[in-house]
Amino acid sequence: MNGKKILFVSSELVPYLPENQVSLMSYEAPRMVNSNGGQIRIFMPRYGNINERRHQLHEVIRLSGMNLVINDMDMPLIIKVASIPRERIQVYFIDNDEYFKRKATFADAEGNLFPDNDERAIFFAKGVVETVKKLNWSPDIIHVHGWMASLLPLYLREYYSDEPLFADSKIVTSVYDRGYEGALDGKMINKITFDGIKEEQIASLTTPDYNNLLKVAVDYSDAVILASEEISEDLKNHIANLSKPVLPYVSLQEAEEAYTNFYKTEVLK
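Per my numbering, the very first residue in the sequence shown carries number 355; after that it's consecutive.
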């Protein structure tokens, strides 16, 4: 991976959020690339339950200040940054008071999904791309983890299709069994078509449940990693019919070699 640039975009990441399959692999995959001579950038949302003082987050003024249009509303983009000390890895946080100030990640205290999770996902996808553009950093691979990040492949390939910075970037989506119950806002498809993306390209989002959201992510990716041992048959069958490189599930102990080989021989070939 020497000198290769890999952008990691994740819903969750340790040590900023509790450890689970998504947050742990979102940390381990960049660490592997970093230790093998690759260049990395990591992006995640700045949820309100992340302790800014403890993790020493600070705003990057030169990257903040832009407004992103979400469903015909101007939403200010704030960029914060922190470092994971023992790995010397820098993490960029996408922030906005309306979407991410609340003291929780995806759901309220009763376990109900936030009604604007669809808009939060759109804002996150656009915010990542606009920030990477400001950094003028052209990644060889963009690796997506977690459902809050799953609109990024669609937006990169459609909304930002003319952006030269990503012209040669390959997109990898890791598919986990850790999703959400129920569905996001039923008007999600309208909010995406507002950005000029054709409805037939995202027809599955008429019902924006976890499986359908991940189907859109893998449809617009160049390769797929099965990151959980158990994936729904519906998703597995959809992925199998795509004729794209797929890395089957491997344990954390096997991941460094498997992911590195997959990046080099299947994604960057």
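Just so it is clear, CB atoms sit at the ideal spot from N, CA and C, and this is done for glycine as well.
Residue i burial status per 10 Å Cβ neighbour count (16 or more: buried)
i: I415; result: exposed
i: M427; result: exposed
i: L371; result: buried
i: L510; result: buried
i: G481; result: buried
i: S380; result: buried
i: N450; result: buried
i: N615; result: exposed
i: N471; result: buried
Proximity below 9 angstroms, CB of residue i to CB of residue j
i: L508; j: I448; result: no
i: A571; j: V498; result: yes
i: D516; j: D494; result: no
i: D531; j: I585; result: yes
i: I543; j: T527; result: no
i: L417; j: I433; result: yes
i: G540; j: L568; result: no
i: M355; j: K618; result: yes
i: V621; j: A581; result: no
i: L606; j: L378; result: yes
Secondary structure of residue i, DSSP reduced to three states
i: N421; result: strand
i: S528; result: strand
i: I593; result: helix
i: S437; result: strand
i: D470; result: coil
i: L622; result: coil
i: A479; result: helix
i: F397; result: strand
i: A458; result: coil
i: S492; result: coil
i: E413; result: strand
i: S365; result: coil
i: V604; result: coil
i: A537; result: strand
i: I585; result: coil
Cβ-based neighbour list, residue i, same chain, cut-off 7 angstroms, excluding 5 preceding and 5 following
i: N425; result: E473, K545, F548
i: L505; result: A475, I476, A479
i: A383; result: F362, H497, Y613
i: E324; result: Outside the displayed range of the chain (355 to 623) lies residue 324, so it cannot be described from this structure.
i: E583; result: Y603
i: N566; result: S558, L559
i: A461; result: L467, F468
i: E610; result: M386
i: A503; result: V363, S364, S365, F478
6 angstroms Cβ shell around residue i - same chain, five flanking residues per side excluded
i: G500; result: S364, S365, E366, V376
i: P562; result: A537, L538, M542
i: K649; result: The structure shown has nothing for residue 649, since the chain only spans 355 to 623.
i: Y513; result: D549
Cβ shell of residue i (< 8 angstroms), same chain only, five flanking positions each side left out
i: G402; result: F454, K455, R456, K457, A458
i: S575; result: V498, P507, I525, V526, T527, K598
i: E484; result: M420, L422, L431
i: E345; result: Past the edges of the chain, shown from 355 to 623, lies residue 345, and the structure says nothing about it.
i: V600; result: A577, V578, I579, L580, I593, A594
i: N374; result: E366, R532
Check your understanding: Should the region 435-443 be called in touch with the region 487-500, which here means at least 3 C-beta pairs below 8 angstroms?
Key -> No, the region 435-443 is not in contact with the region 487-500.
Check your understanding: Are there three or more Cβ pairs, one per stretch, closer than 8 angstroms when the region 544-554 is compared with the region 393-400?
Key -> With a cut-off of 8 angstroms on Cβ pairs, the region 544-554 is not in contact with the region 393-400, counting fewer than three such pairs.
Review point. If we count Cβ pairs, one from each stretch, closer than 8 angstroms, do we get three or more for the region 356-369 versus the region 582-593?
Key: The region 356-369 vs the region 582-593: no contact.
Check your understanding: How do the region 464-480 and the region 403-414 stand: do at least 3 beta-carbon pairs fall below 8 angstroms, yes or no?
Key -> The region 464-480, when compared against the region 403-414, does not touch it at the 8 angstroms Cβ threshold.
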